[in-house]
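Trainee: Questions regarding the structure given below will be posed in turn.
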Amino acid sequence: MAIVAALVAPTANPRNPLRLIAATSHRQWRVAAASSSAAPGVDLKALQAAIDKKDGEEVKQALDQLKEVGWAKRWGSQPYVSRRTTSLRELTTLGIKNAENLAIPSVRNDAAFLFTVVGSTGFLAVLAGQLPGDWGFFVPYLIGSISLIVLAIGSISPGLLQAAIGAFSTVFPDYQERIARHEAAHFLVAYLIGLPILGYSLDIGKEHVLFSASLLKNNKVAHEALMSAMSQKASVLGCIEAIENAS
Numbered sequence: 001m002a003i004v005a006a007l008v009a010p011t012a013n014p015r016n017p018l019r020l021i022a023a024t025s026h027r028q029w030r031v032a033a034a035s036s037s038a039a040p041g042v043d044l045k046a047l048q049a050a051i052d053k054k055d056g057e058e059v060k061q062a063l064d065q066l067k068e069v070g071w072a073k074r075w076g077s078q079p080y081v082s083r084r085t086t087s088l089r090e091l092t093t094l095g096i097k098n099a100e101n102l103a104i105p106s107v108r109n110d111a112a113f114l115f116t117v118v119g120s121t122g123f124l125a126v127l128a129g130q131l132p133g134d135w136g137f138f139v140p141y142l143i144g145s146i147s148l149i150v151l152a153i154g155s156i157s158p159g160l161l162q163a164a165i166g167a168f169s170t171v172f173p174d175y176q177e178r179i180a181r182h183e184a185a186h187f188l189v190a191y192l193i194g195l196p197i198l199g200y201s202l203d204i205g206k207e208h209v210l211f212s213a214s215l216l217k218n219n220k221v222a223h224e225a226l227m228s229a230m231s232q233k234a235s236v237l238g239c240i241e242a243i244e245n246a247s
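Set out below in structure tokens:
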């Protein structure tokens, strides 16, 4: 699921597709007091109450008030952003590796799932062939039919097969990092352009905003702090604190 946001900024256009998937090494994300309380004299109860009520207008008003008192400095700090075309050179300059591959859907998870199913069932079928008597004849056929069943499920109910592939993909070490990076980008961009965040999910989304690349580059530390907070299942308020407290 993509991040749920109340669209109240007239200049924002969050429907620009750009899937930012980059292979990165494991890093230690820094959070400057991500789960700490706000500065003395700053009351975040009104903001938390608005988030709990899922009221976008109240969240916006609460953040506007916090910005007036000097706490939510990054809130709505990049309001004048509009849709525009971009080039591979610009994306490369922004630090995106292999930008020419962004429009090519990744089939890694699908291929890994298929290889695992076929490989494991084939191996088990060979072992089952060593069973004595009729067992050595029927059991390999039964095991081998598992691949056909998976194929049938994919033809009849692709969504069910995709859910299985998604669950299987969690075994990859970089899977959760990719999810956190993608959704943290949505969260941070929405916050910077002034869109109240009502909730988030760490499921991989299918869209990305085109202008997010430059905003993410200019707010790299905040993005990393937000990724860490979201990976730790922090609340929306905790994520906002991570952005504002990022050093």
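If you count the sequence shown from 1, position 136 lands on 136 in full-length UniProt numbering, and the numbers rise without skipping. Even for Gly, the Cβ is constructed at its ideal location relative to N, Cα and C.
Could you compute how far the alpha carbon of V107 sits from the alpha carbon of D174?
Mentor: Walking along the sequence shown from the start, residue 107 turns up at place 107. Walking along the sequence shown from the start, residue 174 turns up at place 174. Each residue's alpha carbon lies about 15 Å from the other.
Trainee: Looking at the structure shown, is I146 part of a helix, part of a strand, or coil, going by DSSP?
Mentor: As a working mapping, residue 146 is identified with position 146 in the sequence shown. It is helical.
Trainee: Assuming L226 and L188 are in contact, meaning their beta carbons sit under 8 Å apart, how far apart are those beta carbons, in whole angstroms?
Mentor: Numbered from its first residue, the sequence shown carries residue 226 at position 226. Numbered from its first residue, the sequence shown carries residue 188 at position 188. Contact flag correct, Cβ pair sits at about 5 Å.
Trainee: Mark V121 as exposed unless 16 or more other C-beta atoms lie within 10 angstroms of its C-beta, in which case mark it buried.
Mentor: Here residue 121 is taken as the residue at index 121 of the sequence shown, counted from 1. Rather than Val, the amino acid found at residue 121 in this sequence is Thr. The residue is buried, with at least 16 neighbouring Cβ atoms inside 10 Å.
Trainee: Leaving out five residues on either side along the sequence, give the residues of the same chain with a beta carbon under 8 Å from the beta carbon of V59.
Mentor: As a first step, residue 59 must be located in the sequence shown, where it is residue number 59. So the qualifying residues of the chain are A6, L47, A50, I51, P196, I197, L198.
Trainee: Decide if S87 is buried, meaning its Cβ has at least 16 other Cβ atoms within 10 Å, or exposed.
Mentor: Numbered from its first residue, the sequence shown carries residue 87 at position 87. Exposed.
Trainee: Just to confirm, are L216 and I179 a CB contact at a threshold of 7 Å?
Mentor: Your numbering for residue 216 matches position 216 in the sequence shown. Your numbering for residue 179 matches position 179 in the sequence shown. Contact: no.
Trainee: Could you pull the start and end residues of the alpha helix (DSSP H) that N109 belongs to?
Mentor: In the sequence shown, residue 109 corresponds to position 109, counting from 1. Note, N109: alpha helix (DSSP H), 108-128.
Trainee: What do you get for L192, buried or exposed, if any count of 16 or more other CB atoms within 10 angstroms of its CB means buried?
Mentor: In the sequence shown, the residue the question calls residue 192 occupies position 192. Result: buried.
Trainee: Are there 16 or more other CB atoms within 10 angstroms of the CB of E57, so buried, or fewer, so exposed?
Mentor: In the sequence shown, residue 57 corresponds to position 57, counting from 1. The residue in question, E57, is exposed, as its Cβ has fewer than 16 Cβ neighbours within 10 Å.
Trainee: Using the Cβ count rule (16 or more neighbours within 10 Å means buried), how would you classify Y200?
Mentor: Walking along the sequence shown from the start, residue 200 turns up at place 200. Answer is buried; the Cβ neighbour count reaches 16.
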